[in-house]
């Protein structure tokens with residue numbers, strides 16, 4: 011099929027690359043000329059395992075193109091996928107200006123029937139607004155061209171996006187037109203071969219499904235963090251509790267790992283937008299708001315433990331920080347717990363020596379060059395000259411480090427672990443004071 015993807019961010023680039031890899035002819039559009047030029051040269055704007063190989067292979071095969079020419083892109087694709095950002099607006103709602111700008115662009119250049127697919131994460135009712143935007147432009151042009159708008163939300167996990175796209179759990183399609191629905195079914199058929207994974211529903215239900223899924227997962231995380239904080243106060247070990255409740259198949263083990271809060275481009279924004287959307291319908295979603303409140307508080311936990319350890323004064327201290335990205339296998343620092351921690355530490359007069367295998371460049375883009383931030387080239391280098399170690403991202407290389415080297419490098423043998431990577435008793439036996447999340451009272455060497 012001939013497909014145009016508007017937007018070369020995380021969703022657009024993965025979607026375009028994987029669709030081309032299935033044999034479709036794809037043009038990915040973006041107004042960012044520098045980004046398009048880099049993509050044409052094979053340079054990836056994001057880190058996602060496996061993505062670069064797919065992009066390069068399909069560009070070489072002529073199935074994947076990158077362009078800033080909107081007219082060309084609209085003319086090319088029978089299917090027009092909107093995959094631009096929906097950043098959080100000042101009131102917490104999803105900002106749809108980029109989505110509606112693309113819709114108007116499609117209306118400006120389309121001359122034959124199109125299926126317009128909302129791939130971006132958008133609130134309920136967005137498909138109606140997209141349809142209205144396209145119709146207004148067509149009316150202004152004095153032409154009548156048929157089109158359908160479909161909701162097809164993405165469910166991609168950063169760090170596992172290629173597998174999520176090519177081997178999906180489900181493919182949600184919201185459509186009011188049987189013809190458009192069947193076109194999407196054909197488009198996704200290569201990714202749904204062993205059994206039909208496509209779930210067809212009405213458009214508004216599809217739009218709400220995306221927000222509901224992210225809010226549910228965020229709720230599990232915040233619930234476990236609430237339990238972790240309680241476990242710490244009453245002397246229980248949240249990791250043992252997690253094993254006990256996760257064995258119940260109704261609960262399961264996914265997304266019940268306590269830690270220093272969730273981040274990224276989806277959960278914080280989508281939970282807030284869902285609460286805002288509920289308010290617009292006159293409904294106060296107390297639980298959804300509480301999920302975000304708990305997460306905001308949880309992001310402060312590591313800093314609070316650090317301050318308590320040093321009796322409220324960390325001025326002049328140097329902190330080794332392992333992890334910058336909001337989770338492993340990505341370079342994304344949007345709403346990352348590391349940012350909350352670093353900014354609080356700087357405000358209190360401390361310096362940071364940070365290491366992340368993928369997100370170092372993102373940190374430099376965010377914070378620039380500053381005297382209280384050193385971006386280390388390795389985990390060991392981050393320890394040099396530091397007083398204590400703080401862990402915020404559970405990269406694989408942090409799971410079994412050389413603890414004797416950690417002790418030798420730090421001025422104090424203290425680890426603040428925001429991801430519960432180590433066994434508290436083992437740390438105590440090694441002579442390391444260990445602060446974890448929800449593991450009873452912290453064990454001191």
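Numbering (this note's numbering), first residue to last: 11 to 455. From the three backbone atoms N, C-alpha and C, an ideal C-beta is built for every residue, glycine too. Nothing here was measured: the structure is a model prediction, and the numbers come from that model.
query                                                                                                                   : result
Beta-carbon proximity list for residue 216, same chain, < 6 Å, skipping 5 on both sides                                 : 161, 182, 184
Own chain, CB closer than 6 Å to residue 193, minus 5 neighbours either side, in chain order                            : 125
Three-state secondary structure (DSSP) of residue 13                                                                    : strand
Nonlocal neighbours in the same chain, by C-beta distance under 8 Å from residue 70, ignoring five residues either side : none
Simplified DSSP assignment, three categories, for residue 455                                                           : At residue 455 the pLDDT is 49, less than 50, meaning the model places this residue with poor confidence; the figure from the coordinates comes in the next sentence. Coil.
Minimum C-alpha distance to residue 27 - residue among 101, 176, 428                                                    : 176
Residue span of the alpha helix (DSSP H) that contains residue 444, given as start and end                              : First-last for residue 444: 443-445, but that is the beta strand (DSSP E), not the alpha helix (DSSP H).
Beta-carbon spacing of residue 328, residue 428 below 7 Å                                                               : no
Inside the stretch 84-171 only - beta strand (DSSP E) runs reaching at least 3 residues                                 : 89-92, 124-128, 157-161
Proximity to residue 407 [Cα-Cα], best of 368, 440, 436                                                                 : 368
Option nearest residue 51 by Cα separation, candidates 295, 36, 74                                                      : 74
Delimiting residues of the beta strand (DSSP E) encompassing residue 405                                                : It is not in any beta strand (DSSP E) - residue 405 carries neither H nor E in the DSSP assignment.
Assigned secondary structure, residue 362 (DSSP; H/G/I helix, E/B strand, else coil)                                    : strand
Any 3 or more C-beta pairs closer than 8 Å across the stretch 287-305 and the stretch 220-239                           : yes
Cβ pair residue 456, residue 386 closer than 7 Å                                                                        : The structure shown does not extend to residue 456, since the chain is modelled only from 11 to 455, so the question has no answer here.
Backbone secondary structure at residue 330 - three-state DSSP                                                          : strand
Length at least 4, wholly inside the stretch 295-327: the alpha helix (DSSP H) runs in chain order                      : 296-308, 311-319
Span of the beta strand (DSSP E), counted from its first residue to its last, around residue 211                        : 208-211
CB-CB length for residue 324 against residue 360, believed under 8 Å                                                    : 5 Å
Residue 270, DSSP secondary structure in three states                                                                   : coil
Closest residue to residue 279 among 36, 250, 67, 131 (Cα-Cα distance)                                                  : 131
Alpha carbon of residue 399 to alpha carbon of residue 100, nearest angstrom                                            : 35 Å
Candidates 326, 341, 214: closest to residue 135 by CA position                                                         : 214
Beta-carbon gap between residue 393 and residue 330 smaller than 7 Å                                                    : yes
Outcome for residue 140 when other beta-carbon atoms lying within 10 angstroms are tallied against a minimum of 16      : buried
Spatial distance of residue 151 from residue 87 (CA atoms)                                                              : 20 Å
Whether residue 43 touches residue 78 by CB criterion (7 Å)                                                             : yes
Extent of the continuous beta strand (DSSP E) run through residue 38                                                    : 35-39
Three-state class that DSSP yields for residue 413 in the structure shown                                               : helix
DSSP three-state assignment for residue 231, whether helix, strand or coil                                              : helix
Backbone secondary structure at residue 258 - three-state DSSP                                                          : coil
CB contact flag (residue 397, residue 422, <7 Å)                                                                        : yes
Identity of the residue in 35, 25, 295 nearest residue 61 by Cα                                                         : 25
Simplified DSSP state of residue 380, which is helix, strand or coil                                                    : coil
Minimum Cβ-Cβ distance from residue 393 to chain D less than 7 Å                                                        : The structure shown contains no chain D; it holds only a single protein chain.
Beta-carbon proximity check, residue 246 vs residue 268, cutoff 7 Å                                                     : no
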